[in-house]
Amino acid sequence: MAIEKVLASEYGRMELIGEEDVRRIGRLLNEVTADRIQADPQANHSDIAFAMERYIERRLTTPVPRWHVDRSRNDLQSCAQLLFGRSQVLRAAASLAAFGRSAHRLAARHLHTPMPGYTHLQSAQIITPGFYLAAVSGQALHSLERFFNTYRGIDLCPLGAGAMAGQEIPWDRERMAHLLGFRAAHPHALASVASRDWVVEITAELSILATSLGRFCTDLMNWGSAEYGMIELPDELSGISSAMPQKKNYPILERIRGKTAHLTSLHLDVLLGQRNTPYSNSVEVSKEAGSHLLESFDTLCSTLNLFTTVLDNLRFREPRMLAVCEREYLGGFSLANLLTLEEGVPWRKAQVIAGQYITAAVGRELLPRQADPGLLSDVALKSGFTLSRPEHLLTEAFDVRRGLLRKNSPGSAHPDAVRALLDTQSVRFEALEEEWSACGERTDAALAETDRLLGIDGGVPESAPADAPGVTR
2 MAIEKVLASE YGRMELIGEE DVRRIGRLLN EVTADRIQAD PQANHSDIAF
52 AMERYIERRL TTPVPRWHVD RSRNDLQSCA QLLFGRSQVL RAAASLAAFG
102 RSAHRLAARH LHTPMPGYTH LQSAQIITPG FYLAAVSGQA LHSLERFFNT
152 YRGIDLCPLG AGAMAGQEIP WDRERMAHLL GFRAAHPHAL ASVASRDWVV
202 EITAELSILA TSLGRFCTDL MNWGSAEYGM IELPDELSGI SSAMPQKKNY
252 PILERIRGKT AHLTSLHLDV LLGQRNTPYS NSVEVSKEAG SHLLESFDTL
302 CSTLNLFTTV LDNLRFREPR MLAVCEREYL GGFSLANLLT LEEGVPWRKA
352 QVIAGQYITA AVGRELLPRQ ADPGLLSDVA LKSGFTLSRP EHLLTEAFDV
402 RRGLLRKNSP GSAHPDAVRA LLDTQSVRFE ALEEEWSACG ERTDAALAET
452 DRLLGIDGGV PESAPADAPG VTR
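Shown next as structure tokens:
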């Protein structure tokens, strides 16, 4: 309907249709609603463009012969699909921003909460939930920026391209593009109707994001297991096993990770649908290859909404996480550093000494806090080094909370570094949300301008008059 309004306005600009006829067509177009036009093989070939045309024609008191002159449905279809795609990108961006904001809020609450970080599925170093979740919110920001660049790249209007080679009367394609909220007209007529690269690009972005979401979800699934026991969700987001009542399951996490797989397969469907097709307008590319685009957006938004709900209700079991940190020798790296920096042991030798001490301590079933300075001195002496303060080295290296504070590089797990990162992310969130909002506002303003040019107040009646011809109740 928006496209038809712009075309009617353009006919008026070219003086092919009189001003009064343009306004009549505009007002009738403004009456069109989903329940007023019906797919009918006999009356309109079950085609929405023809159905709208017939709807208007029946209501015009006198014919308007030049209406629809020099027109093709190819560029109209391409333009309508792209308008739809842009609106869906805006919807996806809103869901992604909400997810990122949720991760950001949760991160800010856990800057000083120790938890084990894992590499190769083994506990490795001391981090915090805030540190981890800052990576999640950072990924959301990164994807929002990529989405925005994709949106900018596809924001080119196909209208006025005709069937494939352009049109014969002097349509102002830039004017039509701006009246539909596009930043510019597409510069090539054939590409306007032949290319659906924008569908490939969008679903590629959804697939890339889905991969990261699946990895984050996998960590939560592990942390929520009985073996890890580090997170908990409320009962309303949990499930039970009727035969095993001792279990508290989190099927919502399984649902989230399962949905991310669909986004990759739907992207592959788009790729295969376009592969080896001629570079021209075709049903195969314009219809079949993009037939699951809405499903892709629906799946992404559903996944993000579920994940946001999880983060909004997630509770970290802090005593459990601290206990894991205290039972593991997560300060081994710190011990090696201290041996070099305070005792002058060459770095590679320091690594060996730290490893030999931990191996011997584990063999004696000592916990990290049960420091054995004599054992460390003996291990170092065997490598030719006499230590001056072995007890200090062990106390400093294996103190869990000191382990966080020993990190000093930007972007580290140190609470101050994470806080600084979150502050930067907050500024980026605000800037991106403003840019996305401007995209939607630009489109709304453009459509309102089109209505103003047609003398329409923007109001759409809720139902047609009872005696209106062609209306199915």
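With the working numbering applied, the sequence shown covers 2 to 474.
Using N, Cα and C, we set each Cβ at its ideal position, and we do this for glycine too.
Given the structure is predicted, the values throughout are model-derived calculations rather than measurements.
Straight-line spacing of the CA atoms in Arg92 and Glu442 works out to 13 Å. The DSSP-derived three-state label of Ile359 is helix.
Ranked by Cα distance from Gln168, the options Phe51, Phe386, His69 and Tyr280 are led by His69.
The continuous beta strand (DSSP E) containing Lys248 extends over residues Met245 to Asn250. Check the Cα spacing between His187 and each of Glu175, Glu296 and Ala125: the tightest is with Glu175.
Secondary structure of Ala162 (DSSP, three-state): coil.
Boundaries of the alpha helix (DSSP H) around Ile4: Ala3 to Arg14. For Ser73, the secondary structure class from DSSP, reduced to helix, strand or coil, is coil. Here the alpha carbons of Ala141 and Trp437 stand approximately 14 Å from one another. Counted as a single uninterrupted DSSP element, the alpha helix (DSSP H) harbouring Met322 occupies residues Glu319 to Arg328. Rounded to the nearest angstrom, the gap between the Cα atoms of Lys248 and Ala227 is 9 Å. Taking a cut-off of 8 Å on C-beta distances, the segment 12 to 32 touches the segment 445 to 460, as three or more cross pairs fall below it.
Among the bridge pairs identified by DSSP, Ile127 is matched with Pro117. For Gly404, the enclosing alpha helix (DSSP H) stretches over residues Val401 to Leu406. In the three-state reduction of the DSSP assignment, Ala192 falls in the helix class.
With respect to Ala262, Ala211 sits close: the two C-beta atoms are nearer than 9 Å. In the structure shown, Arg67 falls within a coil segment according to DSSP collapsed to helix, strand and coil. Pairing Asp236 with Asp400, the inter-Cα distance amounts to about 35 Å. Straight-line spacing of the CA atoms in Val380 and Trp348 works out to 15 Å. Closest in alpha carbon position to Met222, among Leu339, Asp445, Leu254 and Lys260, is Leu254. When Ser281, Phe148 and Ala244 are compared, the shortest CA-CA separation from Ser193 is found for Ser281.
Within the same chain, no Cβ atom closer than 6 Å to the Cβ of Gln123 is found once the five residues on either side in sequence are excluded. A direct Cα-to-Cα measurement between Ser303 and Ser287 gives close to 26 Å. Assignment of beta-bridge partners to Glu21 by DSSP yields no partner. Here DSSP, grouped into helix, strand and coil, assigns Ile170 to coil. Gly215: member of the alpha helix (DSSP H) spanning Asp198 to Trp224, first to last residue. Between Gly404 and Pro115, the C-beta spacing is below 9 Å. No residue range can be given for Gly456, since it is assigned to no beta strand (DSSP E) and is classified by DSSP as neither H nor E. If you draw a straight line from the Cα of Leu97 to the Cα of Glu435, it comes to about 14 Å. When the five nearest sequence neighbours on each side are left out, the beta carbons in the same chain lying within less than 6 Å of the beta carbon of Ala52 are those of Ile38 and Asn45, in order along the chain. Counting only unbroken stretches of 4 or more residues, the alpha helix (DSSP H) elements lying wholly within the segment 254 to 328 are 294 to 314 and 319 to 328, in sequence order. In the DSSP assignment, Gly240 falls within the unbroken beta strand (DSSP E) covering Gly240 to Ser242. By the neighbour-count definition (other C-beta atoms within 10 Å, threshold 16), Ser389 is an exposed residue.
Leu191 and Tyr152 have their C-alpha atoms spaced approximately 21 Å apart. If you ignore the 5 residues before and after Arg67, its C-beta comes within less than 6 Å of the C-beta of Leu17 and Ile18, all in its own chain and listed in chain order. Annotated three-state conformation of Glu397 is helix, per DSSP.
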